[in-house]
Amino acid sequence: MSISGLRALPSLLLFLIAGFGARPASATPVPSQVESSWIELEPEPDDRAKVDVTGEYFVYLEAGEPGAPPELWGVSNRGGEPWLLSGARSPKDRISAFTISPDGRRVAFALSTDGGPRQIFWVAITGGTPLPLLGDRLATRGVERFAFRADSLALGLVRDSDPIVVLLGSQIFSNDFESADSSGWSDTTPNACPTPIGGPTLHANSILASETWTANASPHVLTSNVLVPVGVTLTVAPCAEVRVRPGFDLTVQGSLVAVGTPLQRIAFRRDDAALPWDSIWVESPGFAWLAFLDLSGGGAAGAAVLAEGVDTLPAAQPLRVDHLKVTGSTSYGIRLFRHAGFAAGSRDLVVTGSGATDPAAPFPIRMSLNTVGTLPVGSYTGNASDLIQVIGEGSSAVRVDDTFRDRGVPYQIGGPAGAFGLLVVDGTPTLSTLTIDPGVEIRFYSAGSNIGGLFVGVSGGPVATGRLIAAGTAAEPILFTGAGGTPTAGSWEGITFFGALAAGNVLDHVQIDAAGANGGDAGFGCPPAAFPETSGALKIFAQAGSSFLTNSTITRSSTHGIFRAWIGAQVDFMPGNTFTDVLFCNQVLPRPPLPAICPANPECPQ
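Each residue of the sequence shown is one higher than the one before, counting from 979 in this note's numbering.
Below you can see the structure in the form of structure tokens.
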């Protein structure tokens, strides 16, 4: 959890039990009655590596480079790159102990400078900006012990024998995001920042050496395209304001570190209120970390933020975001391409007002297949089209394991600008798995003869190269459908399993809607003579050991429901499933092995 913006400030409540609370200087301290005996009962934090209660995250101390002080790191037990949880503020800073909250969402750690008194910081376990528990004003007194309360909603500490309880706010977060309400940290909410007196500062061309753009020198005005070259780091300080003149961008081939705080946000905006600027372009091999930052009025060159990968897999992750708000882009809010993904630790992203003037780029996010699982928790509404656009780049294959997570808006495969909606789960020469989380909706774009569809495996392949796990629930079913506001029957081809079937395919609590378009297959199965097409909402070309379609619904198919296109036994896929408005057969018979032939009048349940 982060304390995000001025509106969230009242939810951070500080109480001193045996004395007075730490309040702003103008406030009158009052005694508090918050119970604190639990502090002494909790285990004493130490510096040993720890795993959170869910088993998802591993937290440990390690030096970032030889001779440097140890820093606190987090990493997912599912793999991937570690992320920094706490950066030492000087070479003399030392982290002596840390602990993970009982719910596994936060980490608190003790830091001292040059052997001085310990201070307590806390940070989300997935990364972000570490926040001092008591503020620098109270840093002169050391902390003897500290602990999370059992409900994880408070941190307790003992200082000079006085217990202190800090309430970490009410439960306003939904899966660690403010229920899509970012108004408390928008670019229209005043920051607690001093008025700059050293600006404006003009910038043009390349930055030759690492430098910091300070708040006091704001506004920083880009009067041309500005390049951060390889090996150079541009740091933008909290409270800094960056203005970009029309048609220009900030290109990052080195590193951009623009990390504000909840009450000292950074702003990137137009220099001319009437004309958009281009983008922050993170160009390979660059990296950008954008935290507690408001970015508005860009998008003149295709997106307000462009992040570029390197065309290879596993995907590059050049962009880390944390409480980033992108507003009013004339085109995409954020576009990731060449197999670029969001970096580990990304979270709490808001993209709104995108696509206002570019009908080919109306979406908040555009990203590539094989990177979709990196999309962070966030809010993606209020755009010209509230969909996450996913395209294949050079190939429509999901070649590595990937996951479509429920981020509150549907995904669209393909769309305008020449991309149509093919998704092929094929990890040749190995097996790749596509996982669809409960509650996800995926729409497949078709245009003319370019028909969208979801395909698993390779036609005629003797070895399984793709697996689909779409396990919804009764409360959160998964929807596969066509693109457009009101897709009609036959808007897309449907789901097709080609070649050998992998073990573990799952279609549970899913709806396959508005499918049935013919993709060119013919001569398979035993359809009735009146309905001979090898088409259906679900087509399977290899015999399964048992049905993997359960508790599901096929609706509005323009042809068949389930087309069993294999040669072999009659594995029944109908039990437990529902069929509504299927034009032809709910299920087509498979072709029997030779010398047997299809019956003269094959059954066609309707």
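We put the CB at the ideal spot given by N, CA and C, even for glycine.
Just so it is clear, the structure is predicted and the values come from calculations on it, not from any experiment.
Practice task
Classify leucine 1019 as helix, strand or coil using the three-state DSSP reduction.
Solution key: helix
Handout entry: Selected residue, minimal CA-CA separation from glycine 1225, among Val1204, Pro1110, Glu1122
Key = Val1204
Practice task
Identify every residue that forms a DSSP beta bridge with glutamine 1521.
Solution key: Paired residue(s): none; glutamine 1521 is not in a bridge.
Exercise for the section: Using alpha carbons as the reference points, say which of Leu1273, Phe1246, Ala1397 lies closest to valine 1368. Expected result: Ala1397
Problem - Nearest-angstrom Cα separation, counted from aspartate 1071 out to glutamate 1020 - result: 26 Å
Practice task
Kindly give me the distance between the Cβ atoms of valine 1144 and leucine 1111, rounded to whole angstroms, as I take these residues to be in contact under 8 Å.
Solution key: 6 Å
Exercise for the section: Between the Cα of glycine 1356 and those of Gly1392, Asn1194, Asp1300, Ile1391, spot the shortest distance and give me the residue it belongs to. Expected result: Asp1300
Exercise for the section: In the DSSP assignment, find the beta strand (DSSP E) that holds glutamate 1419 and state where it starts and stops. Expected result: 1419-1422
Practice task
Classify glycine 1238 as helix, strand or coil using the three-state DSSP reduction.
Solution key: coil
Handout entry: Beta-carbon spacing of serine 1332, proline 1340 below 9 Å
Key = yes
Practice task
Quick one: using the 10 Å Cβ neighbour count with 16 as the cut-off for buried, is leucine 1186 buried or exposed?
Solution key: exposed
Practice task
Could you name each continuous beta strand (DSSP E) segment of 3 residues or more that falls completely within the segment 1541-1567, going from the start of the chain to the end?
Solution key: 1556-1558
Exercise for the section: Rank Gly1539, Ala1193, Glu1454, Asp1129 by C-alpha distance to the C-alpha of alanine 1467 and give the top, closest one. Expected result: Gly1539
Practice task
Could you work out which residue in Lys1517, Leu1485, Asp1491 is closest to alanine 1500 when comparing CA atoms only?
Solution key: Lys1517
Problem - asparagine 1348, buried or exposed, once every other Cβ within 10 Å from all chains shown has been counted against 16 - result: buried
Exercise for the section: Taking 9 Å as the cut-off, decide whether the C-beta atoms of valine 1220 and arginine 1243 are in contact. Expected result: no
Exercise for the section: Indicate whether proline 1172 and proline 1197 have their beta-carbon atoms separated by less than 9 Å. Expected result: no
Exercise for the section: Just grab the DSSP bridge partners of tyrosine 1389 for me. Expected result: Ile1366, Ile1420
Exercise for the section: Output the distance between the C-alpha atoms of phenylalanine 1433 and glycine 1472, rounded to the nearest integer angstrom. Expected result: 8 Å
Handout entry: Buried or exposed (CB count within 10 angstroms, at least 16 for buried), leucine 1302
Key = buried
Practice task
Please confirm whether proline 1342 and valine 1376 have their CB atoms less than 9 Å apart.
Solution key: no
Handout entry: DSSP-derived helix/strand/coil call for glycine 1356
Key = strand
Handout entry: Rounded separation between isoleucine 1545 and glycine 1444 - CA only
Key = 20 Å
Exercise for the section: Within the same chain, show all residues whose beta-carbon is closer than 6 Å to that of alanine 1158, passing over the 5 residues directly before and after it, in chain order. Expected result: Per-residue confidence for alanine 1158 stands at a pLDDT of 46, beneath the threshold of 50, marking its modelled position as unreliable; no derived number is given.
Exercise for the section: Take aspartate 1081 and list the residues in its own chain whose beta-carbon comes closer than 6 Å to its own, dropping the five residues that flank it on each side. Expected result: Ser1130
Practice task
Please classify threonine 1558: is it buried, with 16 or more other beta-carbons within 10 angstroms of its beta-carbon, or exposed?
Solution key: exposed
Exercise for the section: Identify every residue that forms a DSSP beta bridge with isoleucine 1473. Expected result: Leu1432, Leu1516
Problem - Rounded C-alpha distance that separates arginine 1569 from glycine 1370 - result: 34 Å
Exercise for the section: Taking only the alpha-carbon atoms, compute the straight-line gap between glycine 1372 and threonine 1531 and give it to the nearest angstrom. Expected result: 33 Å
Problem - Beta-carbon gap between isoleucine 1098 and leucine 1135 smaller than 9 Å - result: yes
Handout entry: histidine 1487: first and last residue of the uninterrupted beta strand (DSSP E) it sits in
Key = Where histidine 1487 is concerned, there is no enclosing beta strand (DSSP E), given that its DSSP letter is neither H nor E.
Problem - Residue range of the beta strand (DSSP E) that includes glutamine 1295 - result: 1294-1305
Practice task
Could you check what DSSP says for proline 1570 in three-state terms: helix, strand or coil?
Solution key: coil
Exercise for the section: Excluding the 5 residues preceding and the 5 following arginine 1084 in the sequence, name in chain order all residues of the same chain whose CB lies nearer than 8 Å to its CB. Expected result: Met979, Ile1078, Trp1100, Val1101, Ala1102, Ile1103, Phe1126, Ser1130, Leu1146
Exercise for the section: Measure the alpha-carbon distance for leucine 1314 versus phenylalanine 1382 and round it to whole angstroms. Expected result: 16 Å
Exercise for the section: Using 10 angstroms around the beta-carbon of aspartate 1380, count the other beta-carbons present and answer buried if the total reaches 16, otherwise exposed. Expected result: buried
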